[in-house]
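**Student:** With the numbering used here applied, the sequence shown covers 163 to 352.
Cβ atoms here follow ideal geometry from the backbone N, Cα and C, with glycine treated the same way.
Can you keep this structure in mind? I'll have questions shortly.
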Amino acid sequence: MPSTLNATLPATDMPVVEQQAVVEKEASVEKQAYRDAMARLGSAVNIITTDGPGGRAGFTASAVCSVTDSPPTLLVCLNRSASVYPAFKENQVLCVNTLADCHESLSNLFGGKTPMEQRFDAAEWTRLATGSPILTNALVSFDCKVTQITRVGTHDILFCEAVALRRNDDSHGLVYFDRRYHPLMRQLAC
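What follows is the structure, encoded as structure tokens:
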């Protein structure tokens, strides 16, 4: 099946935009099959936090990745129907707190319906440049300002320029794979 990005469009009198829509419709994947396949894509576990005029908020996310190092930019995907969405949209700052292996229960708190104050009461926080909450014992924290927002389907993709960071080299990582948490240990040198 051709990629919708590189698909050759059929010769027709149909405008290119309509031709692309036909190719995309033909390339559609069933929603549950897509979700099941994505469960096999392991990723770091993060708690995304914000504070400002829109209030303090946070959520657990694995849909985070590096975009470029010049300027240092990450992307974070946020569902527009999430209860935290208005705070992130208004504040325009956030922190990507990458979790260590000891944070599984904290990840579950921020990933559920727990009231916001109880989420933040469960850990120690500090602040860097933007005022967003920084998890004191996170593996790494990227303190960011949101520079661009792109709408795709049900989510907004937040492009976030890192303005400060904090590392903790004494911890091991936490990844989410096959709908379960897994600690990520460093390999010892041979």
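Quick one: using the 10 Å Cβ neighbour count with 16 as the cut-off for buried, is Val191 buried or exposed?
**Tutor:** The residue in question, Val191, is exposed, as its Cβ has fewer than 16 Cβ neighbours within 10 Å.
**Student:** With a threshold of 16 other CB atoms inside 10 Å of the CB of His265, please say whether the residue is buried or exposed.
**Tutor:** It is buried - the Cβ of His265 has at least 16 other Cβ atoms within 10 Å.
**Student:** With respect to the alpha helix (DSSP H) encompassing Glu286, which residues constitute its N-terminal and C-terminal limits?
**Tutor:** Per DSSP, Glu286 belongs to no alpha helix (DSSP H) and is neither H nor E.
**Student:** Apart from the five residues on each side of it in sequence, which residues of its chain come closer than 6 Å, Cβ to Cβ, to Ser243?
**Tutor:** None.
**Student:** So what's Asn330 in DSSP terms, helix, strand or just coil?
**Tutor:** Reduced to three states, the DSSP call for Asn330 is coil.
**Student:** Where do the ends of the alpha helix (DSSP H) carrying Leu268 lie?
**Tutor:** Per DSSP, Leu268 belongs to the alpha helix (DSSP H) from 266-273.
**Student:** Take Thr288 and list the residues in its own chain whose beta-carbon comes closer than 6 Å to its own, dropping the five residues that flank it on each side.
**Tutor:** Ile296, Thr298, listed in sequence order.
**Student:** Buried or exposed, going by whether 16 or more other CB atoms sit within 10 Å of the CB of Cys306?
**Tutor:** Its Cβ being crowded by 16 or more others within 10 Å, Cys306 is buried.
**Student:** Look at Val229 and Leu256 and say whether their C-beta atoms are less than 9 Å apart.
**Tutor:** Their beta carbons are not under 9 Å apart, which means Val229 does not touch Leu256 by this criterion.
**Student:** Buried or exposed: Thr292, going by 16 or more other Cβ atoms within 10 Å of its Cβ?
**Tutor:** Buried.
**Student:** Using three-state DSSP, classify Asp231 as helix, strand or coil.
**Tutor:** Asp231: strand per DSSP, three-state reduction.
**Student:** When the Cα atoms are used, what is the spatial distance from Arg348 to Val337?
**Tutor:** Cα to Cα, the separation comes out at about 13 Å.
**Student:** Using the C-alpha atoms, what's the distance from Phe321 back to Val308?
**Tutor:** When rounded, the distance between both Cα atoms is 6 Å.
**Student:** Tell me whether the beta-carbon of Ala225 lies closer than 9 Å to the beta-carbon of Ala249.
**Tutor:** Their beta carbons are not under 9 Å apart, which means Ala225 does not touch Ala249 by this criterion.
**Student:** Helix or strand or just coil, what does DSSP make of Asn253?
**Tutor:** Here Asn253 sits in helix by DSSP.
**Student:** Do Leu261 and Leu301 come within 9 Å of each other at the CB atom, strictly closer than that value?
**Tutor:** For Leu301 and Leu261, yes; Cβs fall inside 9 Å.
**Student:** Just how far apart, CA to CA, sit Glu252 and Gly216?
**Tutor:** Going from the Cα of Glu252 to the Cα of Gly216 covers about 5 Å.
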